[in-house]
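Order-wise, the sequence lines are chains Y and P.
The first sequence stops at residue 881 when you use the numbering used here, and every number in between is there.
The second sequence stops at residue 881 when you use the numbering used here, and every number in between is there.
We put the beta carbon where it would ideally sit given N, CA and C, even for glycine.
Working notes, beginning with the structure itself.
Number of protein chains: 2
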Amino acid sequence: MAKKFVYAFKEGNAKMRNLLGGKGANLAEMTRLGLPVPQGFTVTTEACNQYYKDDRQINDSIKAEIMKALEKLEKVSGKSFGNPENPLLVSVRSGARASMPGMMDTILNLGLNDETVVGLAKLTENERFAYDSYRRFIQMFSDVVMEIPKHKFEEAIDALKTKKGVKLDIELDANDMKKLVETFKSIYKKNKKEDFPQDNRVQLIEAVKAVFRSWDNPRANVYRRMNDIPSIWGTAVNVQMMVFGNMGVTSGTGVAFSRNPSTGENVLYGEYLLNAQGEDVVAGIRTPEDISKLAEDNKEAFDKLNAIAKKLEKHYRDMQDMEFTIERGKLYMLQTRNGKRTAQAAIKVACDLVKEGLLSEQQALLSIDPKQLDALLHPQFDKDALKKAKVVATGLAASPGAATGKVVFTAERAKELAAKKEKVVLVRLETSPEDIEGMAASQGILTARGGMTSHAAVVARGMGTCCVSGSSEVKFTNGVCTIAGKTVKEGDAISLDGSTGNIYLENIKTVDADTESGDFGTIMAWTNKYKALSVRTNADNPRDAATAVKFGAEGVGLCRTEHMFFEADRILAVREMIVAKTVEDRKKALKKLEPMQKSDFVGIYKAMGELPVTIRFLDPPLHEFLPHTEAEIKVLAKELKITPAELSATVDSLHEFNPMLGHRGCRLAVTYPEIAEMQTRAVIGAAIEIAKKDGKLVKPEIMIPLVGDVKELKYVKNVVCETADKMIKDSGLDIHYKVGTMIEIPRAALLSDEIAKEAEFFSFGTNDLTQMTYGFSRDDAGKFLADYYDKKIFEQDPFAKVDQNGVGKLIKMACENGRSVRPDIKLGICGEHGGDPSSIEFCHNTGLTYVSCSPFRVPIARLAAAQANIKNPRKNK
Amino acid sequence: MAKKFVYAFKEGNAKMRNLLGGKGANLAEMTRLGLPVPQGFTVTTEACNQYYKDDRQINDSIKAEIMKALEKLEKVSGKSFGNPENPLLVSVRSGARASMPGMMDTILNLGLNDETVVGLAKLTENERFAYDSYRRFIQMFSDVVMEIPKHKFEEAIDALKTKKGVKLDIELDANDMKKLVETFKSIYKKNKKEDFPQDNRVQLIEAVKAVFRSWDNPRANVYRRMNDIPSIWGTAVNVQMMVFGNMGVTSGTGVAFSRNPSTGENVLYGEYLLNAQGEDVVAGIRTPEDISKLAEDNKEAFDKLNAIAKKLEKHYRDMQDMEFTIERGKLYMLQTRNGKRTAQAAIKVACDLVKEGLLSEQQALLSIDPKQLDALLHPQFDKDALKKAKVVATGLAASPGAATGKVVFTAERAKELAAKKEKVVLVRLETSPEDIEGMAASQGILTARGGMTSHAAVVARGMGTCCVSGSSEVKFTNGVCTIAGKTVKEGDAISLDGSTGNIYLENIKTVDADTESGDFGTIMAWTNKYKALSVRTNADNPRDAATAVKFGAEGVGLCRTEHMFFEADRILAVREMIVAKTVEDRKKALKKLEPMQKSDFVGIYKAMGELPVTIRFLDPPLHEFLPHTEAEIKVLAKELKITPAELSATVDSLHEFNPMLGHRGCRLAVTYPEIAEMQTRAVIGAAIEIAKKDGKLVKPEIMIPLVGDVKELKYVKNVVCETADKMIKDSGLDIHYKVGTMIEIPRAALLSDEIAKEAEFFSFGTNDLTQMTYGFSRDDAGKFLADYYDKKIFEQDPFAKVDQNGVGKLIKMACENGRSVRPDIKLGICGEHGGDPSSIEFCHNTGLTYVSCSPFRVPIARLAAAQANIKNPRKNK
């Protein structure tokens, strides 16, 4: 049988979402439920795909199906398309599988032409209404279907109003509307070199095409990329009989939520406008009324709406977002869908629906978008204060939360002012590792350069500090900072919204995060009940570790030891170590660092209680620690008692063409085993100290980075074990530790069976693994990835979501090989992907033991892990 | 049964080389053949491995086996160890599976002590001989086994000679020798804090240990790495009864080759010394006699040696390199092995042995080391002239051949002087793409910086030009060049040996390569008969293409289009293209380049006849083409009619953190499809021109580099095909072309099944694939790879030999996946590995269609390909 491309509403149901789109499926479902839905039909998503296959044409057989469906609709409605006696008017709306802003939304009143408008006027006994509808239709059709700029029509309205000396559209009468219709048709003709189409069937087919076409417009593509929607899904088109909210004061239109989408409170919520058509509610020209007032205006309709809301909520087992129209007193439902809600509402609704018996705990967990939780964990702007604030520029929403304070331009000043209890926002061209302390002292960070994975963004997310990065409107010229052209000086007021990327040059009140509320606690408790993956945290210091524990982290999956090296009191010793000319000099410098590293680990062990702590040994290329400008070199040379020329030569000799692919990771430990020795002494020494002072036995997991060959790992492991075993033996304590490796080089994944012989655990470093598997560095990829998205070569940012096809293949291979050699091998992930819900689902399905993410992503990861296990339960859970 | 660790010579044979080492197996074989071999036994290579497993100790059971073998030897010889009446003396020599300079070689006269020396004197009635033997033994044992510096003993001899007022050792008498024995023993005691061991069994065990130990010394490790010998092979130890060449004028010792190892001529070749022990022949104190003189001194021994040589040659079916000793007129054979020979000798011997019916053609091919052929393809120094020349410095032997000429320091000067028919050698800190023309104009290239895969080295090998790179003795200070401390000015005489890395500050006569000789032609004809792999060439210009065709290349496997961009007449247009701000400006610049590119391709097509030509589209990051110094920028800005500041900004904006992982390869074509369009027009336009002018239909293969996702390839392929198909249609010609891709990114290999849907061929870019699979760049790896070799983490340079475990896994995966989707897919390799024999064997075994290498490696690749197919015949050959 040939594929069916068009379904009448009564032929469909809610399960047919993939075929009919969300809107179409729900209209069908509401029809099935006997709710008052104006009838119509849906052109399927497959028809959309067919349209693209047919070179952006609707083929004849689909056209024929549409016409047949139209005929049936004529029969059901008793009206007829293009018939002046009793014209059938329809709306045409897009409706993808998932809600998709950015696509063509709606064309109303389709079916009008010079003849049917006369009929409509007669039927409704309202000429103004009829011609107003017609001019709206011409305008929408021209704009949306024919891409004639909207402003041309608006200018015509304005000209007419000026001429008549009136201000509001409503002051225009029927004759004015007639005139506008004529003017609009001539605008159409001027632009399209043909008359406005009078054949309603042509109008319909063009409108359907326009919906299909809009599936591929740039805004839709961006939205899809941001929301993981594959372009192959396509959109459906809903053709629905018009009902009119603008037929006088007994008519109206509105939107309603079955619960308050902002707080989750269980009460009908929404707004409506009397005597208005759809777009008027959102257009903001007239202020809509609160839905509660409908009880006064039309009690029957209000009660019916309330009852329908409850019925739909019960039916869909979720809070509903509905559109309705009242035509001459009678309520019609135009749409229902699961309502978008704030994070706070999401968890309240989920908990309430469980209490009400509508959802199981598992279903409740599935109803919450993990990414949304972020908003609950960071300070936010006070909503009222925000309404009054003015966005002066934007950047990338690099790390969520809201920040307000005084501008500072250096990490030093940030620290100085923060020490005086001032709230500061650090504004930089870009940040570098030396800025870490200043970043930690700031409320927020703003950079002119750098993407979502720039140093500033990554570090800020790790700290849970608000960050807006890569704002091209922030400029530094001759030492003067301007934002959107305005000169900004130290101490000026600034606010940042890290969740939107907005920048304000004023102070805005913020409200603190509330992570202690009962519902949040309930949800988090459920995640532990249902997830199989452990969730660990990436934490480089006791503060982050403590934050993560508060959020439920079950261990440290990645403690980057190098971040500790940048602190002011140790960077000198680090630099001494690097420029050392002999092993002895290097050991001398390392000896200075050892007690500091040890105290770091003591702090982290304390924060983590008995939870496991994975410590990664020194990873970055050494030159990252060195000064680069002449002035800096001069200062350091003096401190190190060598000549600037000598120091310069050392800095130069450490230069690398491709630092990413250079002398770093375990390669450092191979060249300088004394570094690994020192780090081992610090790790084990701290464990011994804790054991002696607190009587607690911690189990450090030492992680060797950037391994590509088992012999590399073995070499470094030998250094570690010899050092550690001797210390433990001398201490007389029963301390255990593990040695494992990062899998972050393709070769390590390919040879993971060999590597597993020496590694007690694998932790996937998916940042580097992604870079090397794709062969591009995230620092450089920004230059061309935009083109890749535009040209639909990539639909996803592989640094945000694990590339399951390529990188994922290596991960799977390594998991299987690793387990085949060492069945109890621990498998984790500690790249940025460890906090991304879809990547977490992949990790769950691949059988990893844990994911590790920044402290503020821990609750998100817990929820995502629970969802993954609910969808695909692991046997051994 | 327990493993046997010691074999008497008569228990072994030539096939037991892995167990007994080369020397031991051949001594056993000669024993089996009934040749006069002093008897003895071999401690196996497995005993060596056991020694390392036992923490560098010889365990008791192996010791016991050695003692038992010794007892049997006593019986056979009728002498007895440590018995003053009739002492058994032995030599102890190492003997690995492959010949291994760098390891401990020989200890002679073991078995002597204060008592047996007296017996030996009595038995031989020659006290001086006995004590000379004893003092030699003490010296060798101390030096080699106990690591007491040799010079301490030499100084004692010198002191004695000075005291006695004599010049030669031979002038010392028996009493002097006795005195030396005492002095040597005291030197031993002073250094080792114990007496010289008198127990001959202790001496023996210590000597065996010393051989095992020497397997792991740095020189041996370096040699192994250079020659692909795994450390797990271990070495055997041969213990053999001493015979004495120094028992007067009827005794002697020598080395002989069954044919001339320098020319291959079929005549006994070698030299000997009367009244001498082994080391004297090579020590150079006395000048040895030519072997032909032995016929006069001892006709019987000479005839016997000649007969044995023929017998062994026939037996081993290869030219033999033998050691012999004549003791009181009687000939003894101490060693035989296949003789090392020059390339010229290798091919002559191989051809002669086939003519003589001793070898089949296949066996003859297998007898030649492919790497050796290189020497036949490049000019060499005249041997006599070379003997008088003085090496003043050395560098890396980066590209073989000999060069002599005048020093120039810039590419411009090289071109200018070469235009005047001067021979020049380009001396640079390092080279860059702009130097290409100057490099081509030079006889040789010397650089102060850069390894075997630096720009200079890679380009020179491609051109077949001699290159010595990375010589730390070449310095540029304040614009003055010094080599090994000597100031060198333009025009000074210099010679380079690119096969050894030697640098001379004088002119040395060179002789041209002879590739036309009959034997070379015969061998090359045989390769075509027996190989399955095609051999193509990497050629970027008609000259290289023509050279390669002369060497038998069967197509171009890689034509790098970017090298053409650096030429003086086009770099400006290239730079215009890069700094273009609009597509139109870029197209304008590309339009200038198109005819030049087209003429390049016309030239290459002409050189290649009807052979396939694979053209790789633009690959390197654009900033490589831009100037970087202020002065250069100023000049270019003027030419481009923009301000230096504008140009600087463009250069800066093109800066990349990791250029290797940046905006290059097909990523350029995605961003700037107009570049791919221009290149397509040049490729196809050239084919049309050739077709119209010469009536010849070439089949260009367009290769898209750096693909990581099939959609990338598809995007660029669409641009190529649209452009090409239109041109071909317009031309009315029946021109065919292919579009394929490099597999050089791990993800491409992982997803090769998807990519094969769009790619008509795969060419493995093993340089980049190796870099990305290992996660290190070859430009940076130099800094740490030395440590990797020292610590035995790597035994091979993965940029020289394909890493079969890791990178090879990806290659195999891609071959299998590619074929599963497209059974007739062409599979090639175009990285540097394409010219490496062991990698070629891997390519053959993996089922590749072709390898591609620089023109001068083509004969090597042909031979290696033939050898691979002889060892492992491909069914479809």
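Span of the alpha helix (DSSP H) holding residue i?
| i | result |
| --- | --- |
| Cys834(P) | Taken as a continuous stretch (DSSP letters only), Cys834(P) belongs to no alpha helix (DSSP H), as it is neither H nor E. |
| Val80(Y) | 64-81 |
| Pro222(Y) | 222-230 |
| Arg579(Y) | 575-583 |
| Tyr676(P) | It is not in any alpha helix (DSSP H) - Tyr676(P) carries neither H nor E in the DSSP assignment. |
| Ile747(Y) | Note, Ile747(Y): premise wrong, no alpha helix (DSSP H); beta strand (DSSP E) at 742-747. |
Which stretch, first to last residue, makes up the beta strand (DSSP E) that contains residue i?
| i | result |
| --- | --- |
| Glu327(Y) | 324-331 |
State yes or no: is the beta carbon of residue i nearer than 8 Å to at least one beta carbon in chain P?
| i | result |
| --- | --- |
| Glu660(Y) | yes |
| Ser781(Y) | yes |
| Tyr778(Y) | yes |
| Leu381(Y) | no |
| Leu622(Y) | no |
| Pro648(Y) | no |
| Pro234(Y) | no |
| Asp59(Y) | no |
Taking 8 Å as the threshold (beta carbon to beta carbon), is residue i in contact with chain Y?
| i | result |
| --- | --- |
| His667(P) | yes |
| Val560(P) | no |
| Met230(P) | no |
| Asp656(P) | no |
| Asp784(P) | yes |
| Pro663(P) | yes |
What residues of chain P sit near residue i, judged by a beta carbon separation below 7 Å?
| i | result |
| --- | --- |
| Ile797(Y) | Val674, Asp713, Lys715, Glu716, Tyr719 |
Listing by chain order, which chain P residues have their CB less than 9 Å from the CB of residue i?
| i | result |
| --- | --- |
| Phe788(Y) | Gly666, His667, Arg671, Leu672, Val674, Thr675 |
Along chain P, in chain order, which residues have C-beta atoms closer than 8 Å to that of residue i?
| i | result |
| --- | --- |
| Arg751(Y) | Thr777, Tyr778, Gly779, Asp807, Gly810, Val811 |
- Give, in chain order, every unbroken run of the alpha helix (DSSP H) that is at least 4 residues long and sits entirely within the stretch 387-436 of chain P. The stretch 387-436 of chain P contains, as complete alpha helix (DSSP H) runs of 4+ residues, the segments 387-392, 415-423 (chain order).
- Message: Please list, in chain order, the residues of the stretch 696-717 of chain Y that have any C-beta partner in chain P closer than 7 Å.
- Response: Within the stretch 696-717 of chain Y, the residues whose Cβ lies closer than 7 Å to some Cβ of chain P are Leu710, Gly712, Asp713, Lys715, Glu716, listed in chain order.
- Query: In chain order, which alpha helix (DSSP H) runs of at least 4 residues are fully inside the stretch 104-162 of chain P?
  - Reply: When DSSP assignments are scanned along the stretch 104-162 of chain P, the uninterrupted stretches of alpha helix (DSSP H) that are 4 or more residues long and fall wholly within it turn out to be 120-128, 131-144.
- Task: For the stretch 792-820 of chain P, enumerate the residues whose C-beta is nearer than 8 Å to any C-beta of chain Y, in chain order.
- Result: The residues in question are Tyr792, Lys795, Lys796, Ile797, Phe798, Asp807, Asn809, Gly810, Val811, Lys813, Leu814.
- If you scan the stretch 444-509 of chain Y from start to end, which runs of the alpha helix (DSSP H) of 4 or more residues do you find wholly inside it? DSSP assignment within the stretch 444-509 of chain Y yields the following whole alpha helix (DSSP H) runs of 4 residues or more, N-terminal first: 459-467.
- Task: Return the residues of the stretch 752-765 of chain P that lie within a Cβ-Cβ distance of less than 7 Å from chain Y, sorted by chain order.
- Result: For the stretch 752-765 of chain P, which is checked against every Cβ of chain Y, the residues closer than 7 Å are Leu754, Leu755.
- Entirely within the stretch 630-677 of chain P and at least 4 residues each: give me those alpha helix (DSSP H) ranges in chain order. 634-644, 648-657, 670-675, all fully within the stretch 630-677 of chain P.
- Task: Could you list the residues in the stretch 211-228 of chain Y with a C-beta less than 9 Å from some C-beta on chain P, going in chain order?
- Result: Residues: none.
- Task: Return the chain-ordered ranges of every beta strand (DSSP E) run that is complete within the stretch 737-788 of chain Y and spans a minimum of 3 residues.
- Result: Within the stretch 737-788 of chain Y, the complete beta strand (DSSP E) runs of at least 3 residues are 742-747, 765-768.
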